[in-house]
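Protein chains in written order, with this note's numbering: chain C, 37 to 145; chain Y, 4 to 115. Glycine residues also receive a C-beta, built at the ideal position from the N, C-alpha and C atoms.
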């Protein structure tokens, strides 16, 4: 599976959009981009995933560049409860799910 | 109850003892995973399974044994526990490789 690079930490003001970047320059054509988050001491929670097209669900939006070498997770209106570690994972169908270091997002009032 | 459950939630064991962590899911998901998370660090994959009777090593398999005789269960055994295996262990399942994975609440294991 391709490696991902994320900033170690980010701050965001409550109510503003949080934009979390992820680089995956070695991604191959059959690999999906997944985003999970882990709130303190809890098990990771799935957020969203995509292959080529931008995706949106009730939690977030995922923007994937045309060359697929990077993506951005957008939380449109961050709240204090969105403070967590966010993981960007690249994975091909049927393969193992491997986590990196992730980005610590701190939402501040 | 539907979902994925881990047991026990907390366990203290002595060095050298064998201990088994249980993971049970009610969705009949084909994929199951075991991770460990040490204090202040990310999740590391220990073992995973694509289906009953199919298991494969992850990043840190040494010292651990898994089995998958039934789709819904994926026990993780520490054959001879060491202090370095003190960690929080998370189990997860997913319906297929391309679908979201669901995680259990974790088992906090302390080896003394």
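Item                                                                                                                                                                                       : Value
Report yes or no: do three or more beta-carbon pairs, one from the stretch 43 to 63 of chain C and one from the stretch 106 to 115 of chain C, lie closer than 8 angstroms?                : yes
Helix, strand or coil for residue 28 of chain Y, going by three-state DSSP, please let me know.                                                                                            : strand
Who pairs with residue 145 of chain C in a beta bridge, going by DSSP?                                                                                                                     : Answer is none; residue 145 of chain C lacks a bridge partner.
Can you name, in chain order, every residue of its own chain whose Cβ lies under 7 angstroms from the Cβ of residue 108 of chain Y, other than the five neighbours on each side?           : 9, 12
Which chain C residues are close to residue 17 of chain Y, counting only those with a beta carbon under 9 angstroms from its beta carbon?                                                  : Ordered by position in chain C, no residue passes the 9 angstroms Cβ test against residue 17 of chain Y, which lies about 25 angstroms from the chain.
List in chain order: all unbroken beta strand (DSSP E) runs of 3+ residues lying wholly within the stretch 8 to 95 of chain Y.                                                             : 13 to 16, 22 to 28, 34 to 40, 46 to 54, 57 to 60, 67 to 69, 79 to 81
When Cβ atoms are compared, which residues of the stretch 76 to 91 of chain C fall closer than 8 angstroms to chain Y?                                                                     : 77, 78, 79, 80, 81, 82, 85
Note down, in chain order, each residue of its chain lying with its Cβ closer than 6 angstroms to the Cβ of residue 31 of chain Y, except the 5 sequence neighbours on either side.        : 74
Could you check which residue in C/66, C/69, C/80 has the C-alpha nearest to that of residue 118 of chain C?                                                                               : C/80
Output yes if chain C places a C-beta closer than 8 angstroms to the C-beta of residue 103 of chain Y; else output no.                                                                     : yes
So which of Y/44, Y/47, Y/76 has the shortest CA-CA distance to residue 57 of chain Y?                                                                                                     : Y/76
If we ignore side chains and look at the alpha-carbon of each, how far apart do residue 40 of chain C and residue 136 of chain C end up?                                                   : 7 angstroms
Output the distance between the C-alpha atoms of residue 61 of chain C and residue 139 of chain C, rounded to the nearest integer angstrom.                                                : 18 angstroms
Please list, in chain order, all residues of the same chain as residue 75 of chain C whose beta carbon is under 6 angstroms from its beta carbon, the five residues on each side excluded. : 120
What is the DSSP secondary structure of residue 118 of chain C, reduced to helix, strand or coil?                                                                                          : helix
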